[in-house]
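> Its first residue numbered 1, the sequence shown is counted upward by one per residue in this note's numbering.
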Amino acid sequence: MLPGVLPLKPYFREMIWGGRGLQEQFDKALPPGRRYGESWEISAHPGMESIVAAGPIAGRSLRGLVESHGRELLGGVVFDRYGGEFPLLVKLLDAHQDLSIQVHPDDAYARMKHLGNFGKMEAWYVLQSEDGRIACGLKPGVDRSDFADAIDNSRVSDAVEFFDARPGDVVYIPPGTVHALCAGVMVYEVQQSSDITFRIFDYNRPGADGKPRELHVDDALAVIDFEGPRRQPVASSTLPSAGSGQTLLIESEHFRLERFIPSGNRIDHPPGTSVSAVTFIQGSAGIQGGGDAFRAEKGDTFLIPARREFAVVGCDDSTAEYLVASVP
Numbered sequence: 001m002l003p004g005v006l007p008l009k010p011y012f013r014e015m016i017w018g019g020r021g022l023q024e025q026f027d028k029a030l031p032p033g034r035r036y037g038e039s040w041e042i043s044a045h046p047g048m049e050s051i052v053a054a055g056p057i058a059g060r061s062l063r064g065l066v067e068s069h070g071r072e073l074l075g076g077v078v079f080d081r082y083g084g085e086f087p088l089l090v091k092l093l094d095a096h097q098d099l100s101i102q103v104h105p106d107d108a109y110a111r112m113k114h115l116g117n118f119g120k121m122e123a124w125y126v127l128q129s130e131d132g133r134i135a136c137g138l139k140p141g142v143d144r145s146d147f148a149d150a151i152d153n154s155r156v157s158d159a160v161e162f163f164d165a166r167p168g169d170v171v172y173i174p175p176g177t178v179h180a181l182c183a184g185v186m187v188y189e190v191q192q193s194s195d196i197t198f199r200i201f202d203y204n205r206p207g208a209d210g211k212p213r214e215l216h217v218d219d220a221l222a223v224i225d226f227e228g229p230r231r232q233p234v235a236s237s238t239l240p241s242a243g244s245g246q247t248l249l250i251e252s253e254h255f256r257l258e259r260f261i262p263s264g265n266r267i268d269h270p271p272g273t274s275v276s277a278v279t280f281i282q283g284s285a286g287i288q289g290g291g292d293a294f295r296a297e298k299g300d301t302f303l304i305p306a307r308r309e310f311a312v313v314g315c316d317d318s319t320a321e322y323l324v325a326s327v328p
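Quick look at the structure:
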């Protein structure tokens with residue numbers, strides 16, 4: 001049987017637009033002298049896997065646990081629905097520079113192009129912003145022809161909507177939504193377990209090899225939803241609370257995201273039908289379940305197997321705040 005709480009060690013990904021903010025703000029142990037943009041807190045991607053950091057199965061990879069304990073870890077419904085693949089990817093992102101303006105495909109397009117079983121639906125929760133912005137969606141009236149012309153004439157930014165990014169903002173980004181994270185913004189990201197990105201514009205910026213990074217214009221134009229509703233950040237303070245400091249931030253086809261801000265010493269979480277990922281974004285507390293107990297600091301992430309209850313404790317004298325991602 002799996003432990004009730006699994007503390008995870010993330011995978012750090014170097015990015016041309018990254019910096020050292022993950023170390024400065026979340027005490028991540030980044031290797032020296034390089035720029036990191038992503039901390040993959042929950043990942044079963046081959047070669048980019050999170051690892052159990054402590055406890056009786058310390059050193060096991062998340063991918064290995066899915067292979068050996070998939071139904072127990074994921075829950076029967078989720079295991080059957082996703083064919084035994086781990087369906088979520090949770091990251092912390094540090095945009096030291098602007099990210100490329102980009103778009104992600106849905107499941108059907110990813111499979112048609114033999115890019116994997118999952119497209120990429122995602123959501124952001126803004127953690128910090130130094131006068132930063134977020135690009136999300138196209139300006140009203142921009143159609144396929146208009147956008148193709150903007151690409152050809154290096155005017156992509158003129159066709160995209162930009163919004164000020166504020167801590168606590170929630171941004172839902174379904175497949176087909178043109179978007180970008182801009183310099184000075186740090187976010188928590190939950191998404192389908194996919195690494196497919198179609199770059200549309202990258203500011204003519206050289207990659208690590210000194211050459212411009214590859215663009216994917218044809219694929220991007222094929223998957224952009226030109227008829228979709230307008231997307232923009234939503235202030236989490238405007239969302240209804242369910243009590244006990246609990247706020248539902250996002251509920252989509254592939255993931256559910258909740259925020260908890262404890263007002264007392266303890267919050268008890270009943271058993272869920274799916275695996276859950278718990279990421280502490282402020283303060284510190286204890287997390288316990290199934291006889292296992294750990295200290296949780298800002299930036300720590302824990303995995304809770306399906307059908308296990310857990311509790312966050314010792315919150316009286318802290319400003320603890322945490323996010324819980326699960327599969328609906």
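Where is the CB? At the ideal position from N, CA and C, for every residue including glycine. Computed from a predicted model, the values in this text were never measured in an experiment.
Closest to V66 by C-alpha separation, out of E85, A54, A58, P46, would be which residue?
Ranking the options by Cα distance to V66, first place goes to E85.
> Are the CB atoms of G210 and H96 nearer to each other than 8 Å?
Not a contact, by the Cβ cut-off of 8 Å.
> Whose C-alpha, out of V170, D195, P212, is nearest the C-alpha of S43?
Answer by Cα proximity: D195.
> Using the DSSP secondary-structure output, state which residues sit across from V312 in a beta bridge.
Answer by DSSP bridge pairing, in chain order: I267, I287.
> Looking at the secondary structure, which residues open and close the beta strand (DSSP E) in which A135 lies?
Residues 133-138.
> Note down the Cα distance separating V5 from I51, rounded to an integer number of angstroms.
C-alpha separation (whole angstroms): 13 Å.
> Only counting the same chain, and skipping five residues up and downstream in sequence, which positions put a Cβ closer than 7 Å to that of K91?
Counting only Cβ-Cβ distances below 7 Å, and skipping sequence neighbours, we find E38, S39, W40, E41, E189.
> Who are the Cβ neighbours of A180 in its own chain at under 7 Å, not counting the five residues just before and after it?
Counting only Cβ-Cβ distances below 7 Å, and skipping sequence neighbours, we find D98, L99, S100, I101, Q102, A135.
> Classify V5 as helix, strand or coil using the three-state DSSP reduction.
Reduced to three states, the DSSP call for V5 is coil.
> At a cut of 8 Å, does the segment 299-318 reach the segment 271-280 through at least three beta carbon pairs?
These segments touch.
> Enumerate in chain order the residues of its own chain whose CB-to-CB distance from L62 is below 6 Å, with the five nearest sequence positions on each side excluded.
A44, E49, S50, listed in sequence order.
> Which residue's Cα is closest to the Cα of L257: Y203, N153, W124?
Comparing Cα-Cα distances from L257 to each of Y203, N153, W124, the minimum goes to W124.
> Measure the CB-CB distance between L138 and V160 and report whether it falls below 8 Å.
In contact: L138 and V160 (Cβ atoms closer than 8 Å).
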